[in-house]
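So the structure is just underneath, and the comments pick up after that.
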Amino acid sequence: MDIGVHTPPLADESLEGALDYLSEIGVNAIEPGVGGYPGDAHLVRRDYLDDEDAQTELHDLLAEYDMRISALATHNNPLHPDDEQAETADTELREAIRLADQLGVDTVTCFSGLPAGGPNDEVPNWITAPWPSEHADAHEYQWDVAIEYWTDLAAFADDHGVDLALEMHPNMLVYEPHGLARLREATNERVGANFDPSHLYWQGISITDAIRHLGDAIHHFHAKDTRIYEEQAREKGVLDTTDYDDESNRSWLFRSVGYGHGEDHWKDVVSTLRMVGYDGALSIEHEDSLTSSREGLEKAVDLLERAVFREQPGEAYWAE
Numbered sequence: 001m002d003i004g005v006h007t008p009p010l011a012d013e014s015l016e017g018a019l020d021y022l023s024e025i026g027v028n029a030i031e032p033g034v035g036g037y038p039g040d041a042h043l044v045r046r047d048y049l050d051d052e053d054a055q056t057e058l059h060d061l062l063a064e065y066d067m068r069i070s071a072l073a074t075h076n077n078p079l080h081p082d083d084e085q086a087e088t089a090d091t092e093l094r095e096a097i098r099l100a101d102q103l104g105v106d107t108v109t110c111f112s113g114l115p116a117g118g119p120n121d122e123v124p125n126w127i128t129a130p131w132p133s134e135h136a137d138a139h140e141y142q143w144d145v146a147i148e149y150w151t152d153l154a155a156f157a158d159d160h161g162v163d164l165a166l167e168m169h170p171n172m173l174v175y176e177p178h179g180l181a182r183l184r185e186a187t188n189e190r191v192g193a194n195f196d197p198s199h200l201y202w203q204g205i206s207i208t209d210a211i212r213h214l215g216d217a218i219h220h221f222h223a224k225d226t227r228i229y230e231e232q233a234r235e236k237g238v239l240d241t242t243d244y245d246d247e248s249n250r251s252w253l254f255r256s257v258g259y260g261h262g263e264d265h266w267k268d269v270v271s272t273l274r275m276v277g278y279d280g281a282l283s284i285e286h287e288d289s290l291t292s293s294r295e296g297l298e299k300a301v302d303l304l305e306r307a308v309f310r311e312q313p314g315e316a317y318w319a320e
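The structure is reproduced here in structure tokens:
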């Protein structure tokens with residue numbers, strides 16, 4: 001395993017400046033945005049797509065800082081009922097897949113997307129209960145839309161030898177492990193998880209149990225924490241629409257690694273990842289509004305350095 005960083009928090013730095021800083025603090029992998037919500041501050045995909053000279057320069061720069069790309073990120077909604085928005089998201093995904101193939105990167109991180117509740121609706125509809133019954137009907141419609149789209153995209157990704165790592169994210173159709181497994185079963189094994197525990201914590205999901213459930217369907221991992229603030233959660237639960245920067249009134253906040261759950265927990269997470277065969281990057285995603293990006297990244301790296309396994313396990317000589 002190695003420690004990586006999802007680079008949008010360093011958008012004010014050039015790519016070389018970001019690599020220089022990350023190398024100094026002990027990071028070995030980056031997950032740059034190439035479209036959608038992460039933006040493309042460090043890797044404008046069309047500047048590199050089909051351009052061998054630009055790609056060579058990128059590889060040389062990465063080698064200078066002993067850095068690799070763990071995944072290309074484009075988080076958007078390819079199932080949006082607005083055709084223009086859906087087309088933009090689909091183009092971003094397909095170009096990201098092509099670029100990943102050309103760069104020798106094996107993973108694109110993304111969202112499942114979220115359709116409308118019916119063919120005539122104009123906005124996406126996140127359905128969380130099967131009653132009244134029209135919600136169950138809408139949910140079935142959404143899965144039909146999603147399976148048709150992702151079957152085609154998964155075949156496209158397979159043609160390019162690239163995995164699709166979907167972040168299980170509320171307000172998307174796939175927001176928990178069983179939904180991820182359902183989409184994977186309906187498409188192909190290129191579809192898997194960008195396992196981000198932060199969105200599972202506040203849903204009450206056990207992280208280590210979810211890792212065991214998904215197993216080799218985990219294609220990428222986001223190191224990101226969440227803290228539940230019980231004083232608020234006892235009053236209004238965790239489906240909280242309070243603004244993220246109104247910290248004292250939210251029932252939960254994204255936190256830097258170690259500030260939602262302690263070091264022992266993170267060591268257990270890392271160990272469980274190893275048990276299921278994951279040996280990729282722990283890509284830190286900083287979205288903690290209580291600390292600066294750099295301080296949050298540095299504290300996360302410090303903790304993960306004590307949790308991560310750098311070497312392959314030895315033989316169990318004591319079992320012979």
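Residue numbers (UniProt numbering): 1 to 320.
Every residue, glycine too, gets a C-beta built ideally from N, C-alpha and C.
Status (buried if at least 16 other CB within 10 Å, exposed otherwise) for residue i
i    : result
N171 : exposed
F163 : Strictly speaking, residue 163 in this sequence is Asp, with Phe absent from that position. That one is buried.
E167 : buried
K236 : exposed
S248 : exposed
E298 : buried
G204 : exposed
G314 : exposed
R32  : Reading off the sequence, residue 32 comes out as Pro, not Arg. By the neighbour-count rule (16 or more Cβ atoms within 10 Å), P32 is buried.
E124 : Note that residue 124 is Pro in the sequence shown, not Glu. Buried, by the Cβ-count rule.
R250 : buried
N90  : It is worth fixing the name first, because residue 90 is Asp in this sequence and not Asn. Buried, by the Cβ-count rule.
R227 : buried
Helix, strand or coil at residue i according to DSSP, with G and I counted as helix
i    : result
R306 : helix
D163 : strand
G118 : coil
I69  : strand
R250 : coil
T208 : helix
G192 : strand
T107 : strand
M275 : helix
W131 : coil
I25  : coil
A316 : coil
T241 : coil
W143 : helix
Beta-bridge partners of residue i, as assigned by DSSP
i    : result
S283 : G4, H222
H75  : G36
I228 : W252
Cutoff 7 angstroms; reference residue i; Cβ partners in own chain excluding five residues on either side
i    : result
R98  : L49, H160
W150 : L183, T187, V191
Cutoff 9 angstroms: residue i Cβ touching any chain D Cβ
i   : result
G39 : Structure shown: chain D not included; a single protein chain is present.
Own chain, CB closer than 6 angstroms to residue i, minus 5 neighbours either side, in chain order
i    : result
N157 : Note that residue 157 corresponds to Ala in the displayed sequence, not to Asn. Cβ within range, chain order: I97, L164, R190.
L173 : S112, L114, Q142, A146
8 angstroms Cβ shell around residue i - same chain, five flanking residues per side excluded
i   : result
D82 : E122
beta-carbon residue i near the ligand SAH non-hydrogen atom, thresh 8 angstroms
i   : result
E87 : Of the ligands one can find in the structure shown there are none, so the ligand SAH has no counterpart to examine.
Every unbroken beta strand (DSSP E) inside the stretch 30-67 [3 residues or more]: Taking only runs of at least 3 residues, the beta strand (DSSP E) segments lying wholly in the stretch 30-67 are 33-36.
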